[in-house]
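J.: Got a structure for you, questions after.
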Amino acid sequence: MAAATIAIGVARSRRGRKLIIALLVFGCVWLIVLVGVLGALFGLQAPQGSGYEPSRTALADIPHAYLELYQQAGARYGVDPWILAAIGHIETNHGRLAAPGVRSGVNAFGCCAGPMQFSIVGSPSTWDAYGVDGNNDGRKSPYDPQDAIPAAARYLKASGAPADYHRAIFAYNHAEWYVADVLAQAEIYRGAAAGSTNTSPAERATVRELLDNRRLIFTVGQRADLRAGGFDARLLSTLAWIGERRSIVVTSLRADHSPGTNHEAGRAFDIGAVDGEVCRGGRRGACADLVRELAAVTGPTRSTELIYCWDPDPADPGMFARGDHCDHIHWGMDA
Numbered sequence: 000m001a002a003a004t005i006a007i008g009v010a011r012s013r014r015g016r017k018l019i020i021a022l023l024v025f026g027c028v029w030l031i032v033l034v035g036v037l038g039a040l041f042g043l044q045a046p047q048g049s050g051y052e053p054s055r056t057a058l059a060d061i062p063h064a065y066l067e068l069y070q071q072a073g074a075r076y077g078v079d080p081w082i083l084a085a086i087g088h089i090e091t092n093h094g095r096l097a098a099p100g101v102r103s104g105v106n107a108f109g110c111c112a113g114p115m116q117f118s119i120v121g122s123p124s125t126w127d128a129y130g131v132d133g134n135n136d137g138r139k140s141p142y143d144p145q146d147a148i149p150a151a152a153r154y155l156k157a158s159g160a161p162a163d164y165h166r167a168i169f170a171y172n173h174a175e176w177y178v179a180d181v182l183a184q185a186e187i188y189r190g191a192a193a194g195s196t197n198t199s200p201a202e203r204a205t206v207r208e209l210l211d212n213r214r215l216i217f218t219v220g221q222r223a224d225l226r227a228g229g230f231d232a233r234l235l236s237t238l239a240w241i242g243e244r245r246s247i248v249v250t251s252l253r254a255d256h257s258p259g260t261n262h263e264a265g266r267a268f269d270i271g272a273v274d275g276e277v278c279r280g281g282r283r284g285a286c287a288d289l290v291r292e293l294a295a296v297t298g299p300t301r302s303t304e305l306i307y308c309w310d311p312d313p314a315d316p317g318m319f320a321r322g323d324h325c326d327h328i329h330w331g332m333d334a
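Here's what the structure looks like:
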């Protein structure tokens with residue numbers, strides 16, 4: 000009897016272990032799937048930056064010669080130029096940092112040189128392996144940005160970009176904080192989608208134009224609100240401008256928004272979906288592209304209050320992030 004009981008216990012124990020292992024495997028598979036879904040929704044992977052213009056911050060911060068080199072190197076090697084620009088910013092402030100190793104010698108760690116801080120120690124060094132004669136002058140110099148920037152692009156490409164920017168950036172500098180900083184800075188430098196018109200049309204749009212545009216989806220109440228009049232001409236112009244290029248769902252206009260904001264003054268609207276994509280706060284996709292396009296607008300129709308889940312232009316205090324705006328884009332104007 001005792002032997003039989005022990006045998007049953009062992010069998011049950013084995014079955015239990017198999018069940019536990021199966022549950023663990025099942026859980027790991029679903030965790031991987033969940034991470035992939037969240038990555039797709041919230042932009043855990045960097046977008047392909049070659050399709051984006053420089054932001055206003057990039058134009059103001061990056062020397063023109065460096066800006067051209069980042070874009071040229073990105074196009075040549077098929078990597079995101081704004082990742083390259085972010086690395087250049089973090090490493091040496093685009094060659095402007097007054098520190099050892101930037102223009103000659105090596106840095107304080109005794110390893111790296113030039114505006115992109117390539118390691119020149121060891122045999123072969125990282126520079127020996129990936130250095131490029133970018134300006135075709137017959138020599139490769141880590142101190143020459145015309146050589147160093149395409150070399151950085153070549154290194155990222157060899158390390159996994161553009162398929163896996165996390166892996167590629169981590170190979171460049173083995174630190175998670177470095178990867179996070181590069182991706183964050185790249186977002187600051189990445190502007191509107193290439194080919195988009197940055198400036199809004201003149202303030203001449205009419206309510207009739209908006210109501211007749213099938214790309215602008217309003218509720219019955221919002222359509223009545225528009226017919227009632229009293230909206231800022233800049234708002235009408237911006238909605239018409241958006242409707243020339245994208246389909247949007249307007250989730251709040253004036254009467255359907257709580258009082259005490261610029262909505263009730265006819266100077267604000269909210270967008271909850273763009274080109275069939277529900278806005279969820281991610282950094283990729285149609286909603287993110289529209290936010291960047293709105294942040295790139297210049298002139299009198301530039302929004303003085305553009306809010307989303309992330310800051311579309313850190314250089315402009317009127318454009319900022321709020322956690323309760325991850326499900327919609329808020330566009331507004333001061334008086």
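Residue 0 is where the sequence shown starts when you use numbering that gives the first Met the number 0, and the numbers rise one by one after that. Heads up, the beta-carbon is just placed ideally off N, CA and C, and yes, glycines get one too.
(1) Could you check what DSSP says for Thr56 in three-state terms: helix, strand or coil?
(2) Are there 16 or more other CB atoms within 10 angstroms of the CB of Phe108, so buried, or fewer, so exposed?
(3) State yes or no: is the C-beta of Ala294 within less than 9 Å of the C-beta of Asp312?
(4) Should Thr56 and Ile187 be called a contact, given that it needs their Cβ atoms to be closer than 9 Å?
(5) Which runs of the alpha helix (DSSP H) fall wholly inside the stretch 142-206 and span at least 4 residues, in chain order?
(6) Out of Asp163, Met318 and Gly275, which has the shortest C-alpha to C-alpha gap to Arg291?
(7) Measure the C-alpha to C-alpha separation of Val206 and Ala254 and round it to an integer number of angstroms.
(8) Report buried or exposed for Trp81, applying the criterion of at least 16 other Cβ atoms within 10 angstroms of its Cβ.
(9) On the DSSP letters alone, give me the boundaries of the beta strand (DSSP E) that Val248 sits inside.
(10) Under 9 Å, do Val248 and Ala264 count as touching if we go by C-beta distance?
(11) Could you name each continuous alpha helix (DSSP H) segment of 4 residues or more that falls completely within the stretch 69-112, going from the start of the chain to the end?
(12) Excluding the five sequence neighbours on either side, which residues of its own chain have a C-beta within less than 8 Å of the C-beta of Arg245, listed in chain order?
(13) Are the Cβ atoms of Ala267 and His324 separated by less than 9 Å?
(14) Provide the residue(s) that pair with Trp330 in DSSP beta bridges, ordered along the chain.
(15) What is the DSSP secondary structure of Glu359, counted as helix, strand or coil?
(16) Identify whether Ile216 lies in helix, strand or coil by the three-state DSSP scheme.
(17) Measure from the C-beta of His93 to each C-beta in chain B and report whether the shortest distance is under 9 Å.
(18) Give me, in chain order, the residues of the same chain whose beta-carbon lies closer than 8 Å to that of Arg226; leave out the 5 immediate sequence neighbours on both sides.
(19) Would you check if the distance between the CB atom of Ala192 and the CB atom of Glu52 is smaller than 9 Å?
(20) If contacts are defined as beta-carbon pairs under 8 Å, then Ala151 and Leu96 qualify, I think. What distance do you get, rounded to the angstrom?
(21) Can you tell me which of the three DSSP states Gln254 falls into?
T.: Let me lay it out:
(1) One-based indexing of the sequence shown puts residue 56 at position 57. DSSP places Thr56 in helix when its eight states are reduced to three.
(2) On the sequence shown, residue 108 is found 109 positions in, with the first residue counted as 1. By the 16-neighbour rule on beta-carbons within 10 angstroms, Phe108 is exposed.
(3) Locating residue 294 in the sequence shown gives position 295, counting from the first residue. Locating residue 312 in the sequence shown gives position 313, counting from the first residue. Result yes, Cβ atoms of Ala294 and Asp312 sit closer than 9 Å.
(4) Numbered from 1 along the sequence shown, position 57 holds the residue referred to as residue 56. Numbered from 1 along the sequence shown, position 188 holds the residue referred to as residue 187. In contact: Thr56 and Ile187 (Cβ atoms closer than 9 Å).
(5) Within the stretch 142-206, complete alpha helix (DSSP H) segments of at least 4 residues are found at 144-157, 164-171 and 175-188, given in chain order.
(6) Locating residue 291 in the sequence shown gives position 292, counting from the first residue. Checked all of Asp163, Met318 and Gly275; the closest Cα to Arg291 is Met318.
(7) The sequence position of residue 206 within the sequence shown is 207, counting from 1. The sequence position of residue 254 within the sequence shown is 255, counting from 1. Going by the C-alpha atoms only, they are around 16 Å apart.
(8) Taking the first residue of the sequence shown as position 1, residue 81 is located at position 82. It is buried - the Cβ of Trp81 has at least 16 other Cβ atoms within 10 Å.
(9) Within the sequence shown, residue 248 is the residue found at index 249, counting from 1. Its beta strand (DSSP E) spans residues Ile247 to Ser251.
(10) What you label residue 248 is simply residue 249 of the sequence shown in a count that begins at 1. What you label residue 264 is simply residue 265 of the sequence shown in a count that begins at 1. Against a cut-off of 9 Å, the Cβ pair of Ala264 and Val248 comes out as no contact.
(11) Whole alpha helix (DSSP H) segments, 4+ residues: 80-91.
(12) Against the sequence shown, residue 245 aligns to sequence position 246. Cβ contact annotation for Arg245 (same chain, cutoff 8 Å, sequence separation greater than five): Arg214, Val273, Asp274, Ala285 and Leu289, in chain order.
(13) To locate residue 267, count along the sequence shown from 1; it is residue 268. To locate residue 324, count along the sequence shown from 1; it is residue 325. Between Ala267 and His324, the CB-CB gap reaches or exceeds 9 Å.
(14) To locate residue 330, count along the sequence shown from 1; it is residue 331. DSSP output for Trp330 lists Phe268 and Leu305 as bridge partner(s).
(15) Absent from the structure is residue 359, since the part of the chain shown begins at 0 and ends at 334.
(16) The residue given as residue 216 occupies position 217 in the sequence shown. Three-state result, Ile216: strand.
(17) In summary, chain B is missing from the structure at hand, where a single protein chain is found.
(18) Your numbering for residue 226 matches position 227 in the sequence shown. Val206 and Leu210.
(19) Within the sequence shown, the letter at position 193 stands for residue 192. Within the sequence shown, the letter at position 53 stands for residue 52. Contact: yes.
(20) Taking the first residue of the sequence shown as position 1, residue 151 is located at position 152. Taking the first residue of the sequence shown as position 1, residue 96 is located at position 97. Actually they do not touch by this definition, with Cβ atoms about 16 Å apart.
(21) The residue given as residue 254 occupies position 255 in the sequence shown. The displayed chain sequence assigns Ala, not Gln, to residue 254. It is coil, neither helix nor strand.
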